[in-house]
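See structure below.
Numbering (our numbering), first residue to last: 19 to 331.
Here it is in structure tokens:
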């Protein structure tokens, strides 16, 4: 008598992690860079939000071509309302532009372009760590980043670390072809960088890095707003510990917030978790990322999308 063959999902075969058709749990992807970002975009995946493994044997899945320095640092990827993946990144240490590209499958990408978001500002020194968020109420995207402009906010100017003194700026767009004038998004009264925004009910929460060097902060804090473009509240107490942290990115895993970040002095990734955005527990010892991972963005894809991505990479 012929035995009935059992079907083993392709996802299980490829990763060793079974995902049933009934569950259809999302797969977490993490976009990141290594070293100085010169080799481009890297991707890692996780089925549980804790253990991340590199795609394509940890080699680049997209080489940078935008900007004069052709770097791809701080890659931020989101899924847009058009179901395309939209990515922005830091193209240089000292250019007035950011990089942008989009993809339907994270395999084939549109031509890379530079967006001169601070070209109008003579004193602008840089455009670092750009991110994107979609505003469903206004049916537009907000792109935001950190810039230091010479002579701005002298009350928090420090002579250390090349005298950088960042604030968060933004533009809006519906099509990534035309953009609004650049505006100031967040001025917390200190040197701030690496902002990332998530919707939480009717509020928006901004995870940000307090970049103050004297007296040293170098930690992750939260601010809140009832509108995407602000105003945002005063930053709260640090949610990270006695180490230098940067590049936060946040998601929910089984209904609980997890914020990943770069413990850049320790050359390791860290994470904290919370149920209420008030009480935080450090779970850095419970996560793992590919060696040499620098900060980026966490987002999710469906198991079907993941299967196609894995076959290509």
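The beta-carbon is built from N, C-alpha and C at its ideal position, and this holds for glycine as well.
query                                                                                                                                                                : result
Leaving out the 5 sequence neighbours to the left and right, which residues in its chain are closer than 7 Å to residue 284 when beta-carbon positions are compared? : 261
If we ignore side chains and look at the alpha-carbon of each, how far apart do residue 68 and residue 59 end up?                                                    : 21 Å
If you scan the region 174-215 from start to end, which runs of the beta strand (DSSP E) of 3 or more residues do you find wholly inside it?                         : 185-191, 201-204
Can you tell me which of the three DSSP states residue 78 falls into?                                                                                                : coil
Return the first residue and the last residue of the beta strand (DSSP E) that residue 165 is part of.                                                               : 158-165
Give the C-beta separation of residue 280 and residue 312 to the nearest angstrom, bearing in mind that I take them to be a contact with Cβ-Cβ under 8 Å.            : 6 Å
Using the C-alpha atoms, what's the distance from residue 231 back to residue 254?                                                                                   : 18 Å
Measuring CB to CB, does residue 210 end up less than 8 Å from residue 186?                                                                                          : yes
Could you check where the alpha helix (DSSP H) with residue 329 kicks off and where it finishes?                                                                     : 321-330
Could you give the distance in angstroms between the alpha-carbon of residue 130 and the alpha-carbon of residue 289?                                                : 31 Å
Do residue 128 and residue 120 count as a contact pair if the criterion is CB distance below 8 Å?                                                                    : yes
Quick one, which of 146, 249, 43, 110 has its alpha-carbon nearest residue 86's?                                                                                     : 110
Taking the beta strand (DSSP E) that residue 221 belongs to, which residues open and close that run?                                                                 : 221-228
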